[in-house]
Structures are given as C-alpha cells and as structure tokens.
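Below: one structure, written as structure tokens.
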Amino acid sequence: MRKFRTLLSLLLLLESRSLQVKLIKAAGLLLKPTPAFVKSVHAWMPALTGIVCTHALSGATTEVKSSIGDSVTLRVGEELDFEFVTSRYFAQSFSIEGLPEGINSDLGYGEGKLTGSVSEAGNYAIEIIGYRYPGYSGNSTPVFTLSLTVENPDSGPVSSFLAFEELNALGDSWYHSNWFGSFYLSQSGNWIYHQHLGWIYVDATSENDIWLYDEDLHWLYTSKDLFPFFYSNSRRNWLYLISDSSDYRFWDYSSGKKI
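Every position in the sequence shown, counted from 1, becomes a number in the numbering used here once 8 is added.
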C-alpha cells in the first residue's frame, strides 16, 4: 500500500510539471503578438484615420471650384451663368455673401449655380463657403471669391454711335435706344442684331452718325436726326425703314417699292 501511494505521488508530481509547462506555453502563445495580425492592424489604421479625418470638410481636402475660374466680366444687362462644385467631398450647404442685385443662387448637394443680370456697373466680390452639414454647420471649405466685373457698354460698337445714357438694358445682352430701337449686342466684333434690320455690321463716325453694313443692301448710312431714313451707298438713293412689316424692311424711294 505504501508503495502504491509513493508511485501515485510520483505520477502526480510529473503530471503537474507537465501541466505547468503546458500552461506556460499556452500563456506564451496568447501573449505573443502575431506578426500578420500586427501588420494588418497597422495597415488598417491609416485607412480608418483617413476616413475619419478627410471625410469632414477642411481646407486641405475639400474646396469650392469652378471650371471657368474665379473671375467673370460681363456688360450691364448681360446674363451670368456661373456653376461651381465642391471637390474632394460634397458640401451639404453653402453660404454666399456679396451677391449684387439681380443675381440669384440655385444650390444643391455639392454644387450650385449663380444666374441673372446686373443693372449697375461695378466690381463685385462674391464669397462662397461650403459646409459639411445642412444649416451651415460642421467643417467648412476655404472661402472661394468670385470676382465679377460688370462694365457699361461704353466700349466697342455701342459707344461708337449711341450715348450710354440713352440706352436701357433689357437683359441677355439686349438694349433699347430711344431713337435706334432694340438690338442684341454680340460678344465679338461690331455685329449687332437689330429688331427690324436683322444682323448688321456697325462702323461709326461719331455718337450719332453711323454706317451699317447689310449683306443684301451693303453700306447704309443713318444718324440720330435722320433715322428711320437710310442712305444706300450701292443704290445711290434714300430708303425708309418699315417697322411694322415682317416681309419687308425698307421703302425704296427710287423704285417706289418695298424691299
């Protein structure tokens, strides 16, 4: 019996040592960092950090931009069509300061548009800021400043033959003169579109004396005192402008016919 107890004690002692080694190995396994896991954690951290930091608007990541830049020049009455977006992320609200009278804003998710026309010449600074959340809340973009220059039509073909104070801006580059009527001022050259004359080329000698080139009748002369009478250089006679006809433009005094 004593031998059996001694043997049993020896076996238990050996087993306890074996169990201790197993526990130590298990503890080492749990406490030992796994290289692949550690690497994956380090790989995730920058990505997660980027999502947290850059998704909010800030000057370093998101700004207001426009494909046509930050400077626009128009004439009085000419229509503005200015579009802008936020990049890199979308702003959910915008604040706009410095809009001149006549210019309206149409704002959406991450984008906006400014349209309308200005009736007074001047230099206007329009400031646009995008915000992360509705109601101008959250992080914001840097200030985007649109420099809008509105000029009087006092350069080019208009001032050549019409005093500016006699013109009324109708919008969309249309103007009305008390003596010359309504016309559209093109953006290139001296071509204008007159409500009765159609497309004509303007070559002025003074504010109230003008030569007009018509594709059919060629050079015509009129002035503030003569209008609606025109002298035809090619026909060597006088014409009278017919303003109430859609089929004819002039009465030819030489032939006694409408043309």
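Glycine included, every Cβ here is placed at the ideal spot set by N, Cα and C.
| Asked | Found |
| --- | --- |
| From 265, 107 and 78, pick the residue whose C-alpha is nearest to that of residue 92; which is it? | 78 |
| Leaving out five residues on either side along the sequence, give the residues of the same chain with a beta carbon under 8 Å from the beta carbon of residue 258. | 225, 238, 247, 248, 249, 250, 266 and 267 |
| My guess is that residue 191 and residue 201 are in contact by the Cβ rule of under 8 Å, so how many angstroms apart are they, rounded? | 6 Å |
| Between 114, 154 and 103, which lies nearest to residue 141 when the distance is taken from Cα to Cα? | 103 |
| I'd like the list of long-range same chain contacts for residue 74, defined as Cβ closer than 6 Å, with 5 residues on each side in sequence excluded. | 92 |
| So what's residue 174 in DSSP terms, helix, strand or just coil? | helix |
| Nearest CA to the CA of residue 149: which residue from 137, 157 and 230? | 137 |
| If we call anything under 8 Å between Cβ atoms a contact, is residue 85 one with residue 183? | yes |
| When the Cα of residue 242 is compared with those of 229, 177 and 120, which residue comes out closest? | 229 |
| Counting only runs that start and end within the segment 92 to 160, where is the beta strand (DSSP E) found for 3 or more residues in a row? | 101 to 105, 111 to 115, 119 to 125, 130 to 141, 145 to 148 and 152 to 159 |
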